[in-house]
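Colleague:
Residue numbers (the numbering used here), protein chains in the order written: chain A, 4 to 117; chain B, -18 to 95.
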């Protein structure tokens, strides 16, 4: 069965500092991997995705993530956070077959200090 | 940019009542999904729908739940006899499917069962 772990429930970061959110997955084959962001009162917005190819993927809002098969990880990074990045971030894994479910991690809530 | 929309944004109902949550997926997408997020818990898959039938469902999706695409644009989730534990945020998602397994989420409907 597929599973996703986000070890950090909360992270507090100063504005302008770098951010890294951890995601570890368990899946029997090469997964499809996603990061979504949920701002207060909003839905889940897709930040970026990995299907195949280059293991470093770029997303919206200046985010990037790196797929490391040997570590079963897909960590999200941003070099310099903005106050508007305060939100909850979810990592998700899915199978390659169309229509298959996504399995989500528990989320990491990011607080940004001025 | 096309978006998934959901109505209502909030719904309060009495235990035992039927509720219908509505979603309008992105127009050229082929796959449709419902997920839910109980407060403080992970986003959980409920059901996926393709070609007018359920393609996968979770153990949560029991006989009190049903989905329908009544008119080629709307996608609904019906809960026949609501229970207190059905209180959650319900997310609809859609995806293009072939060649792209990305799922795009709506803003959610917050359901409160009293």
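A virtual CB, placed ideally from N, CA and C, is assigned to each residue, including glycine.
Being a predicted model, the structure only gives us computed values, none of them experimental.
Counting contacts by CB-CB distance shorter than 8 Å, is residue 5(B) in contact with chain A?
Modeller: Output row for residue 5(B): interface = no.
Colleague: What is the DSSP secondary structure of residue 3(B), counted as helix, strand or coil?
Modeller: In this structure, residue 3(B) counts as strand in the three-state DSSP scheme.
Colleague: In whole angstroms, what is the alpha-carbon distance linking residue 27(A) and residue 4(B)?
Modeller: Looking at the two C-alpha atoms, the distance is approximately 31 Å.
Colleague: Closer than 7 Å, Cβ to Cβ, to anything on chain A: give me those residues from the region 55 to 80 of chain B, in chain order.
Modeller: Listed in sequence order: 72, 78 and 79.
Colleague: Grab me the residues of residue 8(A)'s own chain with a C-beta within less than 7 Å of its C-beta, minus the 5 sequence neighbours each way, in chain order.
Modeller: So the qualifying residues of the chain are 27 and 108.
Colleague: Is there a Cβ from chain A that is less than 8 Å from the Cβ of residue 37(B)?
Modeller: Yes, because at least one Cβ of chain A sits closer than 8 Å to the Cβ of residue 37(B).
Colleague: List, in chain order, every chain B residue whose beta-carbon is nearer than 8 Å to that of residue 103(A).
Modeller: Those within 8 Å of residue 103(A) in chain B are 29, 37 and 82.
Colleague: At what residues does the beta strand (DSSP E) containing residue 95(A) begin and finish?
Modeller: Residues 90 to 97.
Colleague: If the cut-off is 9 Å on Cβ atoms, which residues from the region 89 to 114 of chain A count as contacting chain B, listed in chain order?
Modeller: Those would be 93, 95, 97, 98, 99, 100, 101, 102, 103, 104, 105, 106, 107, 108, 109 and 110, in chain order.
Colleague: Where do the N-terminal and C-terminal ends of the beta strand (DSSP E) with residue 95(B) fall, by residue?
Modeller: From DSSP, residue 95(B) is part of no beta strand (DSSP E); its letter is neither H nor E.
Colleague: Which same chain residues end up closer than 8 Å to residue 21(A) when comparing Cβ atoms and leaving out the 5 residues on each side of it in sequence?
Modeller: Same-chain partners within the cutoff: 80, 81, 82, 83 and 84.
Colleague: Could you please give the first and the last residue of the uninterrupted beta strand (DSSP E) stretch that includes residue 66(A)?
Modeller: Segment: none, residue 66(A) is in no beta strand (DSSP E) and carries neither H nor E.
Colleague: Which residue wins for smallest C-alpha separation from residue 56(A), given the options 69(A), 16(A), 87(A) and 75(A)?
Modeller: Per the Cα distances, 69(A).
Colleague: I'd like to know whether the C-beta atoms of residue 65(B) and residue 15(B) end up nearer to each other than 8 Å.
Modeller: Result no, Cβ atoms of residue 65(B) and residue 15(B) do not sit closer than 8 Å.
Colleague: Once DSSP output is grouped into helix, strand and coil, what is the label at residue 20(B)?
Modeller: Coil.
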